[in-house]
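Quick notes on the structure that follows.
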Amino acid sequence: MISKLPGPVNNSDSIRLAIATWPEVEKYLKLCKGIILPIGSTEQHGPTGAIGTDALTAEAVAIEIGRRTGVFVAPTLAYGMAEHHLGFPGTMSLQPQTLLKVIHDLVLSLARNGFERIYVLNGHGGNIATAKAAFAEVYGTAVNLGIPVASTLRCKLANWFMTPTVFTEARNLYGDREGQHATPSEISLTLHLEPSLIKKQHELPEPALVGPIHGFEDFKRRYPDGRMGSDPFLARAEHGALLLERAAKALSQDLETFLTKS
Ligand code: NI
């Protein structure tokens with residue numbers, strides 16, 4: 002067994018790396034070598050969705066998993082690969098090579114001090130390819146640098162919005178109006194987390210189209226209001242609470258397996 006699961010905590014403050022001291026982290030590492038790293042994006046989410054949707058949702062799911070398992074949660078990486086959203090104001094993107102280096106350096110920083118299981122909790126589809134490429138590079142670098150845990154270091158990418166129970170629930174709630182970007186499921190979670198967003202929601206006139214993703218100019222021409230195939234006005238805060246529960250339950254089990262069996 003690699004790690005023991007520390008077990009549920011009453012207060013999420015005790016699992017937030019940002020407010021832990023280094024002696025507390027050192028003590029934690031004697032029991033558990035796992036950590037959750039939430040990553041998101043800062044990008045347009047249609048005319049009614051928050052720019053920070055992917056970071057807010059990833060962080061909330063990560064904290065809820067941390068609360069249920071006792072596993073530490075690192076500060077959220079709120080920026081991701083959002084090149085195709087750059088035609089909309091408020092979007093802030095890292096190019097793939099930049100994001101790769103950021104994830105690479107953050108994971109190696111954790112590994113240097115003994116973390117062996119890095120569970121990257123992702124809120125943005127555009128990060129997937131780059132995060133996996135970063136993991137491939139991390140393993141090689143860890144060996145080359147002689148990091149003691151190099152041979153037992155494991156990274157895992159968990160995309161909360163692709164969790165089978167979340168996917169099924171989203172289908173039940175929204176059918177094919179879930180779409181691919183600015184989806185009612187992710188917007189629902191933000192309404193649950195940030196009630197001030199509820200008053201920004203309204204029906205949108207034209208159904209959103211689906212199609213490919215290329216550059217940001219092409220994206221804005223194809224999807225002028227930023228949505229892809231979605232009807233985000235179907236979002237409700239109570240759906241968000243339900244989806245958070247579905248994601249946290251399934252991913253807490255996934256994390257336990259990752260920490261104790263792989
Ligand atoms: Ni999103």
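In the working numbering, the protein residues as written are 2 to 263. For every residue, glycine included, the Cβ atom is placed at its ideal position computed from N, Cα and C. Note that this is a predicted model, so its numbers are computed, not measured.
Residue range of the beta strand (DSSP E) that includes residue i
{"i": "residue 120", "result": "118-123"}
{"i": "residue 159", "result": "155-160"}
Alpha-carbon to alpha-carbon, residue j and residue i
{"i": "residue 22", "j": "residue 158", "result": "26 Å"}
{"i": "residue 248", "j": "residue 171", "result": "11 Å"}
{"i": "residue 70", "j": "residue 206", "result": "43 Å"}
{"i": "residue 193", "j": "residue 132", "result": "27 Å"}
{"i": "residue 80", "j": "residue 100", "result": "8 Å"}
{"i": "residue 244", "j": "residue 61", "result": "11 Å"}
{"i": "residue 154", "j": "residue 246", "result": "29 Å"}
{"i": "residue 148", "j": "residue 67", "result": "26 Å"}
{"i": "residue 7", "j": "residue 230", "result": "41 Å"}
{"i": "residue 95", "j": "residue 191", "result": "23 Å"}
{"i": "residue 183", "j": "residue 166", "result": "19 Å"}
{"i": "residue 4", "j": "residue 163", "result": "26 Å"}
{"i": "residue 109", "j": "residue 176", "result": "41 Å"}
Where the alpha helix (DSSP H) through residue i begins and ends
{"i": "residue 256", "result": "238-261"}
{"i": "residue 24", "result": "23-32"}
{"i": "residue 64", "result": "54-70"}
{"i": "residue 146", "result": "Here residue 146 belongs to no alpha helix (DSSP H), and DSSP marks it neither H nor E."}
{"i": "residue 92", "result": "Per DSSP, residue 92 belongs to no alpha helix (DSSP H) and is neither H nor E."}
{"i": "residue 16", "result": "First-last for residue 16: undefined, no H or E at that position."}
{"i": "residue 189", "result": "185-194"}
{"i": "residue 224", "result": "Where residue 224 is concerned, there is no enclosing alpha helix (DSSP H), given that its DSSP letter is neither H nor E."}
{"i": "residue 166", "result": "165-175"}
Any non-hydrogen atom of the ligand NI within 7 Å of residue i CB
{"i": "residue 187", "result": "yes"}
{"i": "residue 219", "result": "no"}
{"i": "residue 54", "result": "yes"}
{"i": "residue 240", "result": "no"}
{"i": "residue 85", "result": "no"}
{"i": "residue 46", "result": "yes"}
{"i": "residue 193", "result": "no"}
Counterpart residues of residue i in DSSP-defined beta bridges
{"i": "residue 73", "result": "36"}
{"i": "residue 78", "result": "40"}
{"i": "residue 46", "result": "50"}
{"i": "residue 182", "result": "229"}
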